[in-house]
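In case it helps, the numbering used here puts the sequence shown at residues 3 to 258.
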Amino acid sequence: MTPVAIVTGASSGIGAATARRLAREGFHVLAAARRTDRLAALVAEITAAGGAATAVECDITSDTSVAALAATAAAAGGPVTLLVNNAGGAKGSDPVERGRIDEWQWMYDVNVLGTLRVTQALLPALEASGAGTLVMISSTAGLVVYEGGGGYTAAKHAETAMTETLRLELCGRPVRVVEINPGMVKTDEFALVRHRGDAGQAADVYAGVADPLVADDVADCVAWAATRPHHVNIDRMVVRPLAQAAQHKVHRTPGA
Numbered sequence: 003m004t005p006v007a008i009v010t011g012a013s014s015g016i017g018a019a020t021a022r023r024l025a026r027e028g029f030h031v032l033a034a035a036r037r038t039d040r041l042a043a044l045v046a047e048i049t050a051a052g053g054a055a056t057a058v059e060c061d062i063t064s065d066t067s068v069a070a071l072a073a074t075a076a077a078a079g080g081p082v083t084l085l086v087n088n089a090g091g092a093k094g095s096d097p098v099e100r101g102r103i104d105e106w107q108w109m110y111d112v113n114v115l116g117t118l119r120v121t122q123a124l125l126p127a128l129e130a131s132g133a134g135t136l137v138m139i140s141s142t143a144g145l146v147v148y149e150g151g152g153g154y155t156a157a158k159h160a161e162t163a164m165t166e167t168l169r170l171e172l173c174g175r176p177v178r179v180v181e182i183n184p185g186m187v188k189t190d191e192f193a194l195v196r197h198r199g200d201a202g203q204a205a206d207v208y209a210g211v212a213d214p215l216v217a218d219d220v221a222d223c224v225a226w227a228a229t230r231p232h233h234v235n236i237d238r239m240v241v242r243p244l245a246q247a248a249q250h251k252v253h254r255t256p257g258a
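What follows is the structure, encoded as structure tokens:
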């Protein structure tokens, strides 16, 4: 039977790229997100290329919606061997003293509680497969703080703590836990959402960086970790573009 992989936040960016890549790796991908029009286009693209995918409308902040995702996975016809918790995001870049409570709340609800909700719902199926893999797409913001990133780094640090705790708690059970921490990744929406729709500010994030990571680079990391022999657990993979040595150390070339 074809193994089933669930990817949250699959309507754009890293999630969509991961869904495409896992379909090429032979998974039946359940592409989960809120925007059904984008999911339909993604599934049509994957199917046209010979892959297997199903669109699943899902809001990870809703218990009911996540329960429906788990039910769809159970009815997919193959073992659920892979969950990629990708849905998340950042809002705002204000210092802590001026941080907006609603933005901090949204980041915690999506990055932490949404991830928790999906993990709890799908973990029984991953374990039942006998060879489950749980991939958490966190961020280097889950490892290092920086000015203007208080809300996002707090949420991602919490996601990293949850991931490390899960690995301890699942030790001895057939589910490996992988954390992937990307640095600067240029996608269509992440910086735009973070800067409240200001396209100029979003573009400034990548100004002068000749080759930031793109979504396909992270999808490649997910696929590599997920396709290792099951006794091999990639605990954590930190991946940055060559131009980014650390959160605060980025080489920028004018006009790049």
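We put the CB at the ideal spot given by N, CA and C, even for glycine.
M239 versus V180: straight-line alpha-carbon distance, rounded: 8 angstroms
Whole-number beta carbon distance between A160 and V86, since they are thought to touch under 8 angstroms: Not confirmed; about 19 angstroms, so no contact.
Endpoints, beta strand (DSSP E) assigned at A212: It is not in any beta strand (DSSP E) - A212 carries neither H nor E in the DSSP assignment.
C-alpha gap between L170 and A43, whole angstroms: 39 angstroms
Bridge partners - R238, DSSP secondary structure assignment: E181
In chain order, each alpha helix (DSSP H) run of at least 4 residues that lies wholly inside the segment 83-120: 103-110
Classification of P184 by the beta-carbon crowding that lies within 10 angstroms, buried from 16 upward: buried
Proximity of A228 and T165 at Cβ, strictly below 7 angstroms: no
Nearest neighbour of H232, chosen from G174, T189, G153 and A247 [CA to CA]: G174
H45, DSSP secondary structure in three states: The displayed chain sequence assigns Val, not His, to residue 45. Secondary structure of V45 (DSSP, three-state): helix.
Three CB pairs or more closer than 8 angstroms across the segment 142-158 and the segment 109-125: Output reads yes: the segment 109-125 touches the segment 142-158.
Distance between T121 and G53 (C-alpha atoms, nearest Å): 25 angstroms
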